[in-house]
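Undergrad:
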Amino acid sequence: MEKISVGLIGFGTVGSGLAKTLNTQNEQLQQKVGVPIKLSRVADINITELPPEYKDVVLTSDAADIFNDPEIDIVVELIGGIEPAKSFMLEAIKQGKHVITANKALLSIHGKEIFEAAVANNVEVGFEASVGGGIPVIKALKEGLVANRIEVIRGILNGTANYILSMMTEHGTPFEEVLKDAQGKGFAEADPTYDIEGIDTAHKLAILMCIAYGQNVHLDDISVEGISNIMPIDIDFAKEFGYRIKLLAISRNHGDHVEARVHPTMVPESAMLANINGSFNAIQFTGDTVGDILLYGQGAGMMPTGSAVAADVVDISRNIISASVNRVPPLSYLPKHFNPPSITPMSDLSCPYYFRVTVLDQPGVLSAISGILGNHGISIKSVIQKGHQGIEPVHVVLRTHRASEAAVQKAVREIDALESCTEPTVKIRVLIEDD
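Residue numbering for the sequence shown follows this note's numbering, starting at 255 and increasing by one per position.
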């Protein structure tokens with residue numbers, strides 16, 4: 255084989271990052287692969303010409319030109335969204351092309367269909383960039399940790415949410431102001447819902463769980479809560495208690511079932527994840543053989559994500575040249591050993607909790623709250639009232655010992671129904687590292 259030809263759908267931020275990586279690292283990549291890797295075609299409906307350094311690359315507005323080009327070996331989809339990305343990938347697979355994507359939303363919802371189609375057509379699917387941007391988390395989990403039973407996955411998987419919480423922690427700025435600042439700096443989208451409500455993080459957790467456990471985990475299997483209700487007062491209390499608030503993806507392997515949850519979490523200041531700040535990502539795995547490992551780096555951006563996509567291009571190119579396609583199953587487990595998901599009901603979760611209850615400063619309020627918690631078997635560790643007598647409403651902050659999620663949900667509903675309660679209760683779970 256004289257060269258590997260790549261067709262790229264989408265010349266946006268990540269697509270241009272991939273093109274730049276393949277162009278600037280061309281000689282080095284050829285030394286590592288054995289043949290040149292050539293970007294041959296680009297399909298994009300939003301541009302009319304490519305930068306001058308890509309004068310030999312054919313630009314088209316029709317993705318079918320890439321599928322139908324017999325010289326294209328690898329098709330890279332970087333347009334995002336569900337459609338037409340899904341149709342493009344399935345058509346490329348049908349045409350016998352290997353495919354690469356950074357599309358975590360697509361894989362967390364339709365991954366089963368895409369991977370099964372790839373197996374049926376004996377082609378590979380690369381998706382390193384779908385989780386953690388430039389951090390080689392997929393390869394580490396799929397290959398580096400292959401001899402481990404993965405016991406725990408914990409991760410900060412969204413740079414926007416982490417940036418917001420970091421700025422609130424460092425400067426005490428309210429959520430809305432930090433979000434506006436993040437949008438101005440390009441860290442947050444104009445519509446930040448997926449980032450701040452935990453959906454983007456859940457997409458990524460679903461992919462990691464598929465590889466870790468050999469289960470077809472879907473986005474809908476994951477319990478998701480975002481950070482939009484977190485206030486500076488919650489950040490301040492977390493500091494006072496020796497914690498930092500992070501939006502965590504968490505999965506724990508119980509053998510016959512696995513946890514799947516994304517939510518704000520109070521993390522002990524001594525924990526590694528508590529000290530991942532700004533827009534950085536970090537993923538911590540606990541294996542029964544290796545113990546704890548932490549992968550840390552840029553979770554998004556043109557060049558970090560482009561680097562991850564280029565790594566997939568190189569991996570697949572090597573396999574094509576050595577006639578060893580699908581040597582490593584795309585999700586680590588052989589397809590015949592994949593199982594339906596077995597997800598721990600969220601109601602079965604047990605951990606300590608932080609509550610911030612906003613109430614009118616009236617006699618008997620604290621007694622009513624304590625009574626509700628006691629009726630549900632929830633033991634109080636400490637209580638602090640934040641506010642001044644006669645100035646209403648006030649914040650009552652409670653920390654509990656370990657309690658069941660089912661009991662907590664019932665108690666919170668009853669607390670919120672009190673006439674003296676003026677806002678929904680803020681509930682934050684507390685991480686126990688050695689649990």
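A virtual CB, placed ideally from N, CA and C, is assigned to each residue, including glycine.
Measure the beta-carbon distance from Leu332 to Leu411 and round it to whole angstroms, keeping in mind my assumption that it falls under 8 Å.
TA: No, Leu332 and Leu411 are not in contact; Cβ-Cβ is about 19 Å, not under 8 Å.
Undergrad: How big is the Cα-Cα spacing for Ser674 and Ile632?
TA: Straight-line Cα distance between these residues: approximately 21 Å.
Undergrad: List the whole-angstrom C-beta distance separating Gln437 from Ser596, where the pair is believed to meet the contact cut-off of C-beta under 8 Å.
TA: 39 Å between Cβ atoms; not a contact.
Undergrad: When we look at the beta-carbon of Lys348 and count the other beta-carbons within 10 Å, is it buried (16 or more) or exposed?
TA: Under this definition Lys348 is an exposed residue.
Undergrad: Return the Cβ separation of Ile404 and Ile537 in integer angstroms, given the expectation that the two are a contact with Cβ distance under 8 Å.
TA: Not quite, the Cβ-Cβ distance comes to about 11 Å (not below 8 Å), so this is no contact.
Undergrad: From Ala359 to Ser624, what does the alpha carbon distance come to, in whole angstroms?
TA: Looking at the two C-alpha atoms, the distance is approximately 42 Å.
Undergrad: In three-state terms, what does DSSP make of Asp546?
TA: Strand at Asp546.
Undergrad: Taking the alpha helix (DSSP H) that Val567 falls in, what are its first and last residues?
TA: Counting along the chain, the alpha helix (DSSP H) containing Val567 begins and ends at 556-575.
Undergrad: Let me confirm a value: Ser576 is counted as buried when at least 16 other C-beta atoms fall within 10 Å, else exposed. Which label applies?
TA: Exposed.
Undergrad: Whole beta strand (DSSP E) runs in the stretch 604-676 with 3 or more residues, listed along the chain?
TA: Here the runs fully enclosed are 607-613, 634-640, 648-654.
Undergrad: Between Ser571 and the rest of its own chain, which residues show a CB-CB distance below 7 Å, the 5 nearest in sequence each way excluded?
TA: Result list for Ser571: Ile258, Val287, Ile291, in chain order.
Undergrad: Within a Cβ cutoff of 7 Å, which residues of the same chain sit near Thr543, ignoring the five residues on either side of it in sequence?
TA: Excluding residues within five positions, the ones whose Cβ falls inside 7 Å are Ala401, Asn402.
Undergrad: Comparing C-alpha positions only, which one of Asn529, Ala528, Leu502, Leu527 sits nearest to Val516?
TA: Of the candidates Asn529, Ala528, Leu502, Leu527, the one whose C-alpha sits nearest the C-alpha of Val516 is Leu502.
Undergrad: Would you tell me roughly how many angstroms separate the C-alpha atoms of Thr676 and Thr654, rounded to the nearest one?
TA: Roughly 22 Å between the two C-alpha positions.
Undergrad: Mind checking which residues open and close the beta strand (DSSP E) that includes Val353?
TA: Start and end: 352-355.
Undergrad: State buried or exposed for Ser294, treating a residue as buried only when at least 16 other CB atoms are found within 10 Å of its CB.
TA: When all chains shown are included, Ser294 counts as buried.
Undergrad: Roughly how many whole angstroms lie between the Cα atoms of Asp546 and His472?
TA: Approximately 26 Å between the Cα atoms of the pair.
Undergrad: Decide if Pro584 is buried, meaning its Cβ has at least 16 other Cβ atoms within 10 Å, or exposed.
TA: Result: buried.
Undergrad: What is the DSSP secondary structure of Ala401, reduced to helix, strand or coil?
TA: Residue state, collapsed to three classes: coil.
Undergrad: For Val662 and chain B, any beta-carbon pair shorter than 8 Å?
TA: In the structure shown, chain B does not exist; there is a single protein chain.
Undergrad: Tell me whether Thr314 sits in a helix, a strand or coil according to DSSP, three-state version.
TA: Thr314: strand per DSSP, three-state reduction.
Undergrad: What did DSSP end up calling Asn280 once you bin it into helix, strand or coil?
TA: Helix, per DSSP.
Undergrad: Would you list the one or two residues that DSSP bridges to Lys692?
TA: Residue numbering for the chain in the displayed model covers 255 to 689; residue 692 lies beyond these limits and cannot be assessed.
Undergrad: Relative to the alpha-carbon of Asn593, which residue among Thr314, Val330, Tyr467 has its alpha-carbon at the smallest distance?
TA: If we check each option's Cα against that of Asn593, Tyr467 comes out closest.
Undergrad: Mind pulling the beta strand (DSSP E) runs of 3 or more residues that sit fully within the stretch 441-525?
TA: Runs found: 497-506, 515-522.
Undergrad: Quick one, are the C-beta atoms of Val385 and Lys458 less than 8 Å apart?
TA: The answer is yes: Cβ separation under 8 Å.
Undergrad: Based on Cα-Cα distance, which residue from Pro678, Glu337, Gly380 lies nearest to Arg610?
TA: With distances taken between Cα atoms, Arg610 lies closest to Pro678.
Undergrad: For the alpha helix (DSSP H) containing Glu370, list its first residue and its last residue.
TA: Unbroken alpha helix (DSSP H) run through Glu370: 358-374.
Undergrad: With the cut-off set at 8 Å, would you say Thr627 and Ala665 are in Cβ contact?
TA: Correcting the residue type first, residue 627 is Leu in the shown sequence and not Thr. A contact, by the Cβ cut-off of 8 Å.
Undergrad: Output needed for Ala371: all residues of its chain with C-beta closer than 7 Å, excluding positions within five of it in sequence on either side, in chain order.
TA: Hits under 7 Å: Leu344, Ile347.
Undergrad: Reducing DSSP to helix, strand and coil, say where Gly413 ends up.
TA: If DSSP states are grouped into helix, strand and coil, Gly413 belongs with the helices.
Undergrad: State buried or exposed for Arg683, treating a residue as buried only when at least 16 other CB atoms are found within 10 Å of its CB.
TA: Classification of Arg683: buried, given that the 10 Å Cβ count is 16 or more.
Undergrad: I need the boundaries of the alpha helix (DSSP H) containing Ile686, first residue and last residue.
TA: Note, Ile686: premise wrong, no alpha helix (DSSP H); not H, not E.
Undergrad: What are the residues that DSSP puts in a beta bridge with Asn593?
TA: Paired residues: Gln469.
Undergrad: Checking 8 Å against the spacing of the C-beta atoms, do Leu652 and Ile634 come in under that value?
TA: Contact flag set, yes.
Undergrad: When you compare the CB positions of Val662 and Tyr607, do they come within less than 8 Å of one another, or not?
TA: In contact: Val662 and Tyr607 (Cβ atoms closer than 8 Å).
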